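Protein sequence lines, in the order shown, are assigned to chains A, B, C, D, E and F. Every letter in the first sequence is one number past the one before it in my numbering, and letter 122, counting from 1, is 127. Every letter in the second sequence is one number past the one before it in my numbering, and letter 83, counting from 1, is 88. Every letter in the third sequence is one number past the one before it in my numbering, and letter 128, counting from 1, is 133. Every letter in the fourth sequence is one number past the one before it in my numbering, and letter 16, counting from 1, is 21. Every letter in the fifth sequence is one number past the one before it in my numbering, and letter 124, counting from 1, is 129. Every letter in the sixth sequence is one number past the one before it in my numbering, and letter 5, counting from 1, is 10. Structure first, then comments.
There are 6 protein chains.
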Amino acid sequence: MTQDNFSISPQLTHLDHQGEAQMVDVSAKVPTVREAVAVAIVRMQPETFAAIQAGNIAKGDVLGTARIAGIMAAKQTSNLIPLCHPLPLHKIKVEITPDSNLPGYQIYGTVKTKAETGVEMEALTAVSVAALTLYDMAKGLEKSIQIESIHLVSKTGGKSGDYSPPVV
Amino acid sequence: MTQDNFSISPQLTHLDHQGEAQMVDVSAKVPTVREAVAVAIVRMQPETFAAIQAGNIAKGDVLGTARIAGIMAAKQTSNLIPLCHPLPLHKIKVEITPDSNLPGYQIYGTVKTKAETGVEMEALTAVSVAALTLYDMAKGLEKSIQIESIHLVSKTGGKSGDYSPPVV
Amino acid sequence: MTQDNFSISPQLTHLDHQGEAQMVDVSAKVPTVREAVAVAIVRMQPETFAAIQAGNIAKGDVLGTARIAGIMAAKQTSNLIPLCHPLPLHKIKVEITPDSNLPGYQIYGTVKTKAETGVEMEALTAVSVAALTLYDMAKGLEKSIQIESIHLVSKTGGKSGDYSPPVV
Amino acid sequence: MTQDNFSISPQLTHLDHQGEAQMVDVSAKVPTVREAVAVAIVRMQPETFAAIQAGNIAKGDVLGTARIAGIMAAKQTSNLIPLCHPLPLHKIKVEITPDSNLPGYQIYGTVKTKAETGVEMEALTAVSVAALTLYDMAKGLEKSIQIESIHLVSKTGGKSGDYSPPVV
Amino acid sequence: MTQDNFSISPQLTHLDHQGEAQMVDVSAKVPTVREAVAVAIVRMQPETFAAIQAGNIAKGDVLGTARIAGIMAAKQTSNLIPLCHPLPLHKIKVEITPDSNLPGYQIYGTVKTKAETGVEMEALTAVSVAALTLYDMAKGLEKSIQIESIHLVSKTGGKSGDYSPPVV
Amino acid sequence: MTQDNFSISPQLTHLDHQGEAQMVDVSAKVPTVREAVAVAIVRMQPETFAAIQAGNIAKGDVLGTARIAGIMAAKQTSNLIPLCHPLPLHKIKVEITPDSNLPGYQIYGTVKTKAETGVEMEALTAVSVAALTLYDMAKGLEKSIQIESIHLVSKTGGKSGDYSPPVV
Chain A
6 MTQDNFSISP QLTHLDHQGE AQMVDVSAKV PTVREAVAVA IVRMQPETFA
56 AIQAGNIAKG DVLGTARIAG IMAAKQTSNL IPLCHPLPLH KIKVEITPDS
106 NLPGYQIYGT VKTKAETGVE MEALTAVSVA ALTLYDMAKG LEKSIQIESI
156 HLVSKTGGKS GDYSPPVV
Chain B
6 MTQDNFSISP QLTHLDHQGE AQMVDVSAKV PTVREAVAVA IVRMQPETFA
56 AIQAGNIAKG DVLGTARIAG IMAAKQTSNL IPLCHPLPLH KIKVEITPDS
106 NLPGYQIYGT VKTKAETGVE MEALTAVSVA ALTLYDMAKG LEKSIQIESI
156 HLVSKTGGKS GDYSPPVV
Chain C
6 MTQDNFSISP QLTHLDHQGE AQMVDVSAKV PTVREAVAVA IVRMQPETFA
56 AIQAGNIAKG DVLGTARIAG IMAAKQTSNL IPLCHPLPLH KIKVEITPDS
106 NLPGYQIYGT VKTKAETGVE MEALTAVSVA ALTLYDMAKG LEKSIQIESI
156 HLVSKTGGKS GDYSPPVV
Chain D
6 MTQDNFSISP QLTHLDHQGE AQMVDVSAKV PTVREAVAVA IVRMQPETFA
56 AIQAGNIAKG DVLGTARIAG IMAAKQTSNL IPLCHPLPLH KIKVEITPDS
106 NLPGYQIYGT VKTKAETGVE MEALTAVSVA ALTLYDMAKG LEKSIQIESI
156 HLVSKTGGKS GDYSPPVV
Chain E
6 MTQDNFSISP QLTHLDHQGE AQMVDVSAKV PTVREAVAVA IVRMQPETFA
56 AIQAGNIAKG DVLGTARIAG IMAAKQTSNL IPLCHPLPLH KIKVEITPDS
106 NLPGYQIYGT VKTKAETGVE MEALTAVSVA ALTLYDMAKG LEKSIQIESI
156 HLVSKTGGKS GDYSPPVV
Chain F
6 MTQDNFSISP QLTHLDHQGE AQMVDVSAKV PTVREAVAVA IVRMQPETFA
56 AIQAGNIAKG DVLGTARIAG IMAAKQTSNL IPLCHPLPLH KIKVEITPDS
106 NLPGYQIYGT VKTKAETGVE MEALTAVSVA ALTLYDMAKG LEKSIQIESI
156 HLVSKTGGKS GDYSPPVV
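Here is the structure:
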């Protein structure tokens with residue numbers, strides 16, 4: 006009834022040999038400290054950027070709300086991504102930097118755990134939801150805001166080793 | 006103790022006149038049928054794209070899992086985005102189209118309600134989480150996959166009227 | 006990009022004409038009062054039944070915990086069943102009756118709403134989770150407990166009309 | 006199998022005539038606009054209060070995080086309080102005022118809906134979780150922080166009429 | 006104030022000596038690898054079975070949706086079953102096999118962890134929600150579908166030892 | 006991009022040196038057994054207290070529902086309190102004692118884990134939500150019920166050592 010976990014494709018690790026999605030067995034892995042960093046870009050019109058920057062001055066609530074949303078979303082990752090393992094998380098940090106050249110915001114998310122599997126999806130979920138929250142705060146002003154370039158920046162720990170994106 | 010809801014900036018509708026984030030009062034609005042469509046792009050290496058396409062043939066589980074994840078995420082929108090109103094949702098549809106020119110996938114999400122406020126964030130959340138799920142399925146093969154160009158495609162219903170993105 | 010909602014099969018209403026799962030559009034339906042009643046049976050050894058009955062006497066916590074679990078689970082239905090619509094719920098009642106002939110318990114769940122679509126899945130989810138909770142309370146005593154015969158007892162309201170199960 | 010909803014006690018409305026907890030039937034009620042305001046007090050040592058006030062200056066993140074936590078918690082009310090009805094919510098506002106006389110913070114929460122039942126529990130949940138979040142931010146400094154005097158300040162709309170607390 | 010954890014009944018482990026439900030203390034147990042397998046049967050009319058089988062051909066979305074729902078539900082177990090311990094989960098697999106003799110489907114769920122307590126309830130929850138999802142997909146066609154025979158198939162690891170159901 | 010975790014204030018451990026809220030890094034800490042006990046008081050009119058006591062006799066559902074709500078809420082702590090770490094929990098116990106001198110109820114919550122960080126917030130969340138649930142059960146009878154004196158009673162385990170509140 007249960008089957009060996011070799012995949013239909015060695016790379017699509019979430020498929021078993023029948024091509025069915027499953028949450029793969031990580032119970033034989035040793036827990037190690039793992040960290041992942043992801044990024045997202047939010048690009049908007051100069052007027053929108055100026056309004057957010059101005060609106061944020063009073064209480065810091067525009068960027069603060071997006072940071073908190075990103076942190077809380079990282080904790081929901083295994084409830085959102087069907088085949089993600091539920092893990093204890095040991096650190097979550099979301100940083101949002103205004104960039105007048107975009108214009109818009111760069112959002113970095115860092116997640117750390119000591120576990121049998123990595124936290125790339127947690128870092129990516131954190132920056133995605135922080136970006137969606139910025140969108141939500143400013144959508145009354147501009148509907149053409151774009152979220153761009155969500156990707157993994159780095160990854161340390163785990164059997165597959167460290168990762169840094171290719172230099173372009 | 007409670008204050009009028011005029012904003013510190015007429016456009017940042019989620020800030021009150023003290024600059025504090027709040028969930029704005031929509032109780033005076035009339036419920037109308039509203040629909041929003043959003044899109045996300047997932048771009049990858051040709052080999053990754055080929056592997057997903059091949060892996061999906063057996064049971065359809067790669068794209069099927071991402072579609073279901075997007076639909077379920079739309080229902081979590083008000084739990085993820087701090088200032089979103091919880092709404093009944095009347096339709097959620099996620100469509101994922103392979104595009105060998107990217108190479109990668111185009112993900113469209115459509116959400117419909119009859120309510121006092123719109124469903125842009127639900128559509129955007131649906132496509133974002135569907136994209137993250139595709140990422141998760143293929144991350145064993147390629148870590149440089151990118152999620153790009155998340156934006157609103159159209160919006161109908163509500164006082165602010167219909168929206169289509171500017172033609173470039 | 007969006008398509009008409011006629012199904013690949015007129016009866017599998019959750020599939021569109023491409024065979025893809027979607028949350029169907031109910032926005033054109035008129036909200037009406039709807040009620041659904043479902044049942045589940047939990048069957049066990051006489052000794053297990055006697056132990057639960059005895060253990061429940063002190064504070065009523067065995068059956069009380071299962072009732073509360075069923076009520077709370079009904080509210081999670083649209084988060085658990087991927088294509089269920091999130092709805093306001095107007096009444097949830099779970100009743101657990103000991104039956105020494107089984108021996109075990111009959112669990113009835115009643116859910117009511119005023120909405121565009123019905124609450125059969127909410128009633129079925131309520132009795133299923135109440136049954137699982139009884140199982141959990143007694144699993145230290147007997148692992149062969151069975152949950153049986155989960156089905157819809159009746160349904161009123163909505164376009165498809167009232168339903169009562171066939172008399173056998 | 007289903008029973009009339011008259012209570013074992015006319016006042017304990019969540020008990021049926023058998024004394025069993027249920028989510029009462031509100032389907033016969035007419036939706037009206039309802040608002041509730043609740044308050045909580047967080048009392049601490051002067052040094053703790055001074056540290057929070059100082060720490061909040063840089064980015065506003067101490068009070069901002071507590072406000073967002075309260076707003077998001079209001080949306081979880083029916084998932085936390087077993088017999089609460091899930092409702093659409095039309096406004097949520099949390100305000101946190103420093104009070105050097107306590108010393109500590111006064112937290113007011115305002116929730117509004119148009120529904121068949123009221124939002125007292127949503128307002129009370131908002132202030133409770135905002136208070137717990139303040140506690141969490143400062144617990145490294147002082148473990149004897151107290152949350153006090155959580156109560157309803159006012160309630161408007163609904164059949165039971167408006168409410169203001171007795172003047173002491 | 007806190008009490009020893011001996012139960013009112015040695016077998017109803019979730020009751021303390023006052024008969025009150027509690028989440029029992031497992032902190033003294035040693036984490037070991039544990040696996041549980043559960044099963045559920047979904048029985049329906051031959052016409053319903055034929056329609057699901059036909060509808061599943063195009064994209065695999067009928068069975069695929071139910072599998073994903075079961076996997077995601079396993080991760081919600083401790084949120085649904087009041088006295089279940091929240092655990093990291095290391096593997097979740099749901100397999101749905103058509104059986105024309107029923108006619109209907111057999112659903113097997115396998116869950117694995119390395120923890121202080123077992124995952125029987127996670128496996129049982131996975132198959133229950135997968136079954137409910139099949140029900141939901143086909144309820145437009147037949148309301149008399151039944152979910153039957155939810156029970157534990159096997160359990161390995163932990164102090165209480167391995168379990169296989171009695172041969173009938 | 007990522008920064009050292011020294012705080013703007015050594016005591017407000019959830020702020021980094023820029024004053025931004027983050028979930029602090031506990032990955033270098035050794036997991037130890039930790040326990041926390043918290044208390045809340047619910048104070049009401051004598052008539053309300055008498056009605057709850059009378060209503061509870063039949064099935065124990067008033068206090069039983071509040072106990073279960075508290076236990077389940079403890080498991081939601083990291084989803085409610087933005088900067089709390091998600092942890093496995095090894096024991097949760099909620100005890101509700103009637104006190105005719107208040108009149109009202111004393112609610113004690115005990116939570117235990119073996120983890121890198123403590124469970125004070127889990128214990129405080131448990132008693133807060135149990136208190137809110139009592140409020141909900143009785144609010145039809147009295148709207149001036151107050152929740153008072155939520156605080157930490159004791160804490161053992163962890164680097165900061167044991168804690169007992171000051172004797173007054």
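Note that CB positions come from ideal geometry on N, CA and C, so glycine has one too. Treat the numbers as computed from the prediction; the structure is a model and nothing was measured.
Cross-strand partners of K96 (chain C) (DSSP beta bridge): One-based indexing of the third sequence puts residue 96 (chain C) at position 91. K96 (chain C) is bridged to C:K117.
Chain C residues whose Cβ lies nearer than 8 Å to that of H90 (chain E): What you label residue 90 (chain E) is simply residue 85 of the fifth sequence in a count that begins at 1. None at all; the shortest Cβ gap to chain C is about 11 Å.
Taking 9 Å as the CB-CB cut-off, is E100 (chain E) touching chain A? Your numbering for residue 100 (chain E) matches position 95 in the fifth sequence. Put simply, the CB of E100 (chain E) is near chain A, with a gap under 9 Å to one of its CB atoms.
Any contact of the stretch 145 to 161 of chain F with the stretch 122 to 140 of chain A, i.e. 3+ C-beta pairs under 8 Å? Per the Cβ contact rule, the stretch 145 to 161 of chain F is not in contact with the stretch 122 to 140 of chain A (fewer than 3 Cβ pairs under 8 Å).
Counting only Cβ-Cβ distances shorter than 9 Å, please list the residues of the stretch 97 to 127 of chain A near chain D, keeping chain order. Hits within the stretch: zero.
Backbone CA spacing between V47 (chain D) and T130 (chain D) [nearest angstrom]: Position 42 of the fourth sequence, counted from the first residue, corresponds to residue 47 (chain D). Position 125 of the fourth sequence, counted from the first residue, corresponds to residue 130 (chain D). Those two C-alpha atoms are separated by around 15 Å.
Amino acids of chain D, ordered along the chain, whose beta-carbon sits closer than 9 Å to that of M142 (chain F): The count along the sixth sequence starts at 1 and reaches residue 142 (chain F) at position 137. At a C-beta separation below 9 Å, M142 (chain F) has these neighbours in chain D: L17, T18, H19, L20, A26 and L88.
Listing by chain order, which chain C residues have their CB less than 7 Å from the CB of P170 (chain D)? Position 165 of the fourth sequence, counting from 1, holds the residue named residue 170 (chain D). In chain C, no part has a C-beta under 7 Å from the C-beta of P170 (chain D); the shortest such distance is about 29 Å.
Three-pair Cβ contact test at 8 Å for the stretch 129 to 143 of chain A versus the stretch 65 to 76 of chain A: Yes, since at least three Cβ pairs between the stretch 129 to 143 of chain A and the stretch 65 to 76 of chain A fall closer than 8 Å, the two stretches touch.
Any idea if G166 (chain D) is buried or exposed, counting beta-carbon neighbours within 10 angstroms, 16 or more meaning buried? Taking the first residue of the fourth sequence as position 1, residue 166 (chain D) is located at position 161. With fewer than 16 other Cβ atoms within 10 Å, it is exposed.
Neighbour-count burial assignment, K164 (chain B), 16 or more Cβ in a 10 Å radius: To locate residue 164 (chain B), count along the second sequence from 1; it is residue 159. It counts as exposed.
Where the alpha helix (DSSP H) through A143 (chain B) begins and ends: Reading the second sequence from its first residue, position 138 is the one you call residue 143 (chain B). Bounds of the alpha helix (DSSP H) holding A143 (chain B) are E125 to A143.
Tell me whether the beta-carbon of A43 (chain D) lies closer than 9 Å to the beta-carbon of A128 (chain D). As a position in the fourth sequence, residue 43 (chain D) is number 38, starting the count at 1. As a position in the fourth sequence, residue 128 (chain D) is number 123, starting the count at 1. Yes, Cβ-Cβ distance for A43 (chain D) and A128 (chain D) is below 9 Å.
Pull the bridge partners of L199 (chain A) from the DSSP assignment, please. Any answer about residue 199 (chain A) is impossible in this case: the structure gives chain A only from 6 up to 173.
Within the continuous beta strand (DSSP E) that includes A43 (chain A), where are the two ends? The count along the first sequence starts at 1 and reaches residue 43 (chain A) at position 38. Counting along the chain, the beta strand (DSSP E) containing A43 (chain A) begins and ends at T37 to R48.
Does any CB atom of chain E fall closer than 9 Å to the CB of I152 (chain C)? Within the third sequence, the letter at position 147 stands for residue 152 (chain C). Yes, I152 (chain C) counts as interfacial toward chain E.
Short check: CB of V29 (chain E) to CB of T37 (chain E), under 9 Å? Reading the fifth sequence from its first residue, position 24 is the one you call residue 29 (chain E). Reading the fifth sequence from its first residue, position 32 is the one you call residue 37 (chain E). No. Outside cutoff.
If you measure from the beta carbon of A74 (chain A) to each beta carbon in chain D, is any gap under 9 Å? Numbered from 1 along the first sequence, position 69 holds the residue referred to as residue 74 (chain A). Look at A74 (chain A): its C-beta is under 9 Å from a C-beta on chain D.
Does DSSP put K64 (chain D) in a helix, a strand or coil? Residue numbering aside, residue 64 (chain D) sits at position 59 when the fourth sequence is read from its first letter. Assigned with DSSP and collapsed to three states, K64 (chain D) falls in helix.
Proximity winner among E:Q50, E:T118 and E:V67, relative to Q27 (chain C) (alpha-carbon distances): Residue 27 (chain C) sits at position 22 when you count from the first residue of the third sequence. Looking at the Cα atoms, E:V67 is the closest of the given residues.
If we define contact as Cβ-Cβ less than 9 Å, is Q23 (chain F) a contact residue for chain E? Counting from one through the sixth sequence, the residue named residue 23 (chain F) turns up at place 18. Using a CB distance cut-off of 9 Å, Q23 (chain F) does not count as an interface residue toward chain E.
Residue environment, N177 (chain E), which counts as buried when at least 16 other CB atoms sit within 10 Å: Any property of residue 177 (chain E) remains undetermined from this structure, which presents chain E solely from 6 to 173.
Kindly indicate which residue of B:K119, B:D104, B:H95 and B:I57 has the alpha-carbon position closest to the one of V35 (chain B). Position 30 of the second sequence, counted from the first residue, corresponds to residue 35 (chain B). Of B:K119, B:D104, B:H95 and B:I57, the residue nearest in Cα terms is B:K119.
Would you call S159 (chain D) buried or exposed, if buried means 16 or more other Cβ atoms sit within 10 Å of its Cβ? Along the fourth sequence, read from residue 1 onward, the residue named residue 159 (chain D) stands at position 154. A residue is called buried when at least 16 other Cβ atoms come within 10 angstroms of its Cβ; S159 (chain D) meets this threshold and is buried.
Verify the CB distance criterion: does G163 (chain C) have a CB-CB separation below 9 Å to chain F? Here residue 163 (chain C) corresponds to residue number 158 of the third sequence, with the count starting at 1. Residue contact check for G163 (chain C) against chain F: no CB pair falls below 9 Å.
Selected residue, minimal CA-CA separation from A71 (chain C), among C:K96, C:P170 and C:Q111: Taking the third sequence and counting its residues from 1, the one referred to as residue 71 (chain C) is at position 66. With distances taken between Cα atoms, A71 (chain C) lies closest to C:Q111.
In three-state terms, what does DSSP make of Y168 (chain E)? In the fifth sequence, the residue the question calls residue 168 (chain E) occupies position 163. Reduced to three states, the DSSP call for Y168 (chain E) is strand.
Cβ of K80 (chain B) less than 9 Å from any chain C Cβ? Taking the second sequence and counting its residues from 1, the one referred to as residue 80 (chain B) is at position 75. Contact with chain C is found for K80 (chain B), since one of that chain's Cβ atoms lies less than 9 Å from the residue's Cβ.
Of the choices B:T53, B:L20, B:D141 and B:K117, whose alpha-carbon is the least far from that of A63 (chain A)? Stepping through the first sequence from its first residue, residue 63 (chain A) is reached at position 58. Residue B:L20 is the option with its Cα nearest to A63 (chain A).
Could you tell me whether the stretch 81 to 96 of chain D touches the stretch 82 to 94 of chain C, where touching means 3 or more Cβ pairs closer than 8 Å? Judged by pairs of C-beta atoms under 8 Å, the stretch 81 to 96 of chain D touches the stretch 82 to 94 of chain C, as three or more such pairs exist.
From the beta carbon of N61 (chain B), is the nearest beta carbon of chain D less than 9 Å away? As a working note, residue 61 (chain B) is residue 56 in the second sequence. Output row for N61 (chain B): interface = no.
Looking at the secondary structure, which residues open and close the beta strand (DSSP E) in which E153 (chain A) lies? Against the first sequence, residue 153 (chain A) aligns to sequence position 148. Taken as a continuous stretch (DSSP letters only), the beta strand (DSSP E) holding E153 (chain A) covers Q151 to T161.
Find the residues of chain A that neighbour T70 (chain D), judging by a C-beta separation of less than 8 Å, and give them in chain order. For the purposes of this step, residue 70 (chain D) is taken as residue 65 along the fourth sequence, with counting starting at 1. Ordered by position in chain A, the residues that pass the 8 Å Cβ test against T70 (chain D) are G69 and I73.
So, does the CB of V29 (chain A) fall closer than 9 Å to a CB anywhere in chain E? What you label residue 29 (chain A) is simply residue 24 of the first sequence in a count that begins at 1. Closer than 9 Å: yes.
Tell me whether the beta-carbon of Q58 (chain D) lies closer than 9 Å to the beta-carbon of P103 (chain D). As a position in the fourth sequence, residue 58 (chain D) is number 53, starting the count at 1. As a position in the fourth sequence, residue 103 (chain D) is number 98, starting the count at 1. Going by C-beta atoms, Q58 (chain D) is nearer than 9 Å to P103 (chain D).
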